[in-house]
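For reference, the structure is listed below as structure tokens.
The structure is reproduced here in structure tokens:
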């Protein structure tokens, strides 16, 4: 009988008490089906802190989410359900688009998956492949040194003094200025996919707003509204940073 | 890069967030058996995306590509995910593809 080993960990993490990975053997032939990531992807690998992490789904069809992210309600405000869009010009994506982002932009290093939550949340579990850049940084004023350092780390280039010819060309519409602002050139800036705790979470929407204020092109921003709650609801792999 | 939350101290949203994060509680991690469902593979070298891998097979290994295109989508996934990304040589990949096709 074919068996696959599934480590069911983070989805179980928030039930309280000591937390350990649980290894379950799922008999594929007995349960009758394998639960893939999507119709054409059984699983994928992503790099997380220099290690390969396999992203897959919990294979137990009876498994039910428990703990913090299984809760249906939170105090509102501040944890109110939010609109589908973080910003009218920024595309909202779901899990399948994240898989594609992981397979393409993350591997090509043209994109970053950003856990925009505060470090206290990040340390308790994140989506593999994510880096933690809290909304508290991303919503700082564009001229703030920390914001400037973050934008540079995303591949944006400060423009400095612009020559007269360049300025005139831009004013006359003779050069493409869709990816440049007065202060920044975002031509080589990475595509950012931002997420936080879920539909009730305002952290990544705030980060998106902050980046837009700094001039980050909306076509280089993506928002995963489902966040950690929906990610876990589908039994997708999560990881504790530093493990 | 320094990541700070200090600059926003006094923000009621941040205060509420910190109180909410505390509800998750302390997470104890078993060093021997991490809490992730992730699997760490040796020799992982994700230097080509899936699309680039397909192009690479087509342009650099036209012989192997003859076999590759005959595989089912699931088998191509295995070649890409299980073999190529885990550091298999081209010869090993070729052997696996040939064996699969012969066994049909």
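Residue numbers (my numbering), protein chains in the order written: chain A, 823 to 1065; chain B, 206 to 309.
Even for Gly, the Cβ is constructed at its ideal location relative to N, Cα and C.
Because the structure is a prediction, the values reported are computed rather than measured.
My guess is that residue i and residue j are in contact by the Cβ rule of under 8 Å, so how many angstroms apart are they, rounded?
| i | j | result |
| --- | --- | --- |
| residue 878 of chain A | residue 859 of chain A | 7 Å |
| residue 1029 of chain A | residue 957 of chain A | 4 Å |
| residue 924 of chain A | residue 866 of chain A | 6 Å |
| residue 947 of chain A | residue 1060 of chain A | 5 Å |
| residue 255 of chain B | residue 285 of chain B | 6 Å |
| residue 950 of chain A | residue 868 of chain A | 5 Å |
Does any residue of chain A bring its CB to less than 7 Å from the CB of residue i?
| i | result |
| --- | --- |
| residue 284 of chain B | no |
| residue 206 of chain B | Only weak support is given to the placement of residue 206 of chain B: the predicted model assigns it a pLDDT of 44, under 50, and the value that follows is read from those uncertain coordinates. Taking Cβ atoms only, chain A reaches closer than 7 Å to residue 206 of chain B, which makes this a yes. |
| residue 222 of chain B | yes |
| residue 295 of chain B | no |
| residue 302 of chain B | no |
| residue 254 of chain B | yes |
| residue 278 of chain B | yes |
Taking buried to mean at least 16 other C-beta atoms within 10 Å of its own C-beta, is residue i buried or exposed?
| i | result |
| --- | --- |
| residue 776 of chain A | No answer is possible for residue 776 of chain A: the residues shown for chain A start at 823 and end at 1065. |
| residue 905 of chain A | exposed |
| residue 1023 of chain A | buried |
| residue 894 of chain A | exposed |
| residue 1039 of chain A | buried |
| residue 1032 of chain A | buried |
| residue 278 of chain B | exposed |
| residue 1027 of chain A | buried |
| residue 217 of chain B | exposed |
| residue 911 of chain A | exposed |
| residue 1025 of chain A | buried |
| residue 965 of chain A | exposed |
| residue 263 of chain B | exposed |
| residue 1047 of chain A | buried |
Could you tell me whether any Cβ in chain B is nearer than 7 Å to the Cβ of residue i?
| i | result |
| --- | --- |
| residue 890 of chain A | yes |
| residue 882 of chain A | no |
| residue 938 of chain A | no |
| residue 917 of chain A | no |
| residue 943 of chain A | yes |
| residue 1021 of chain A | no |
| residue 900 of chain A | yes |
| residue 974 of chain A | no |
| residue 925 of chain A | yes |
| residue 848 of chain A | Only weak support is given to the placement of residue 848 of chain A: the predicted model assigns it a pLDDT of 36, under 50, and the question is left unresolved by the model. |
| residue 862 of chain A | yes |
| residue 946 of chain A | yes |
| residue 1010 of chain A | no |
| residue 929 of chain A | yes |
For the ligand ATP, is there a heavy atom less than 6 Å away from the beta-carbon of residue i?
| i | result |
| --- | --- |
| residue 991 of chain A | Looking for the ligand ATP in the displayed structure turns up nothing, as the structure carries no ligands at all. |
### Message
So within the stretch 899–958 of chain A, which uninterrupted alpha helix (DSSP H) runs reach at least 4 residues, ignoring any that extend past its ends?
### Response
917–923 and 941–944
### Message
Closer than 8 Å is the cut-off here; do at least three beta carbon pairs connect the stretch 1001–1020 of chain A with the stretch 936–952 of chain A?
### Response
In this structure the stretch 1001–1020 of chain A touches the stretch 936–952 of chain A; the number of beta carbon pairs closer than 8 Å is three or more.
### Message
I'd like the ranges of any beta strand (DSSP E) spanning at least 3 consecutive residues and lying wholly in the stretch 949–1003 of chain A.
### Response
Taking 3 residues as the minimum length, the beta strand (DSSP E) runs contained wholly in the stretch 949–1003 of chain A are 952–954, in order along the chain.
### Task
Report yes or no: do the stretch 266–282 of chain B and the stretch 299–306 of chain B share at least 3 C-beta pairs separated by less than 8 Å?
The stretch 266–282 of chain B makes contact with the stretch 299–306 of chain B; the number of CB pairs closer than 8 Å reaches 3 or more.
### Message
Quick test of the definition: if touching needs 3 or more C-beta pairs under 8 Å, does the stretch 915–922 of chain A touch the stretch 1039–1056 of chain A?
### Response
yes
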